[in-house]
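**Student:** What follows is a structure written as structure tokens; I'll ask about it next.
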Amino acid sequence: MKKFLIILLLCIASVFSVQAQSENSIELVKAVQELTNVMINPDKAKLKKLTDKKLSYGHSSGKNEDQETFINTLISGKSDFVSIDLENQSYEVVDDIGIARHILVAETNDGGAPGNVRIGVLMIWRKNDNSWKLLARQAYKLPQP
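Taken in order, the sequence shown gives residues -20 to -1, 1 to 125; the numbers are from mature numbering (1 follows the signal peptide of the UniProt record, and there is no 0).
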């Protein structure tokens, strides 16, 4: 009987653990989508809420930005996303760390110059105070088809 109770308790604990992981994954997907939307329609307060104060934002060109520079670049229109589509998305949550990967396909109007972008992106998110914040992002060039 003791063995049965121990096995039952372990099963119940694993169900709650899986459910918590699932909820965290859903929240992470929502945070990535919210950031994507705010990058199209920049709002300083929302960008600050979604990013960590220690943000390291890497571009496929090799340029890196901190939180303040990333936000100001979007607000000023120096970096202007007209549309963003995320393809081949994958998400993984490990404790309070979220890993998001995708292909970013975007129409841009950086500094008034229309363009198109297709890059790979790796994002590292950290959950604190019950919300996901982007801690690091690195974009990379994709091979030409």
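Glycine is no exception: its CB is placed at the ideal position from the N, C-alpha and C atoms.
Taking Cβ to Cβ, would you say S76 is nearer than 8 Å to N108?
**Tutor:** Here the sequence assigns Asp to residue 76, which means Ser is not the residue at that position. Yes.
**Student:** Along the chain, which unbroken stretches of the beta strand (DSSP E) at least 3 residues long are found entirely within the region 32 to 116?
**Tutor:** 61 to 74, 77 to 90, 93 to 108
**Student:** Nearest to T31 by CA position, among L115, P123, L122, is which residue?
**Tutor:** The candidate whose alpha carbon is nearest that of T31 is L115.
**Student:** For the putative contact between A80 and V18, defined by C-beta atoms under 8 Å, what is the C-beta separation to the nearest angstrom?
**Tutor:** Actually they are not in contact, since the Cβ atoms of A80 and V18 sit about 15 Å apart, beyond 8 Å.
**Student:** Find the nearest neighbour of K34 within the set K58, D46, L27, judged by alpha-carbon distance.
**Tutor:** D46
**Student:** Enumerate in chain order the residues of its own chain whose CB-to-CB distance from V(-6) is below 7 Å, with the five nearest sequence positions on each side excluded.
**Tutor:** Because the pLDDT at V(-6) is just 45, under 50, the model does not fix this residue reliably, and the point stays unresolved.
**Student:** Quick one: what does DSSP say Q118 is sitting in, helix, strand or coil?
**Tutor:** strand
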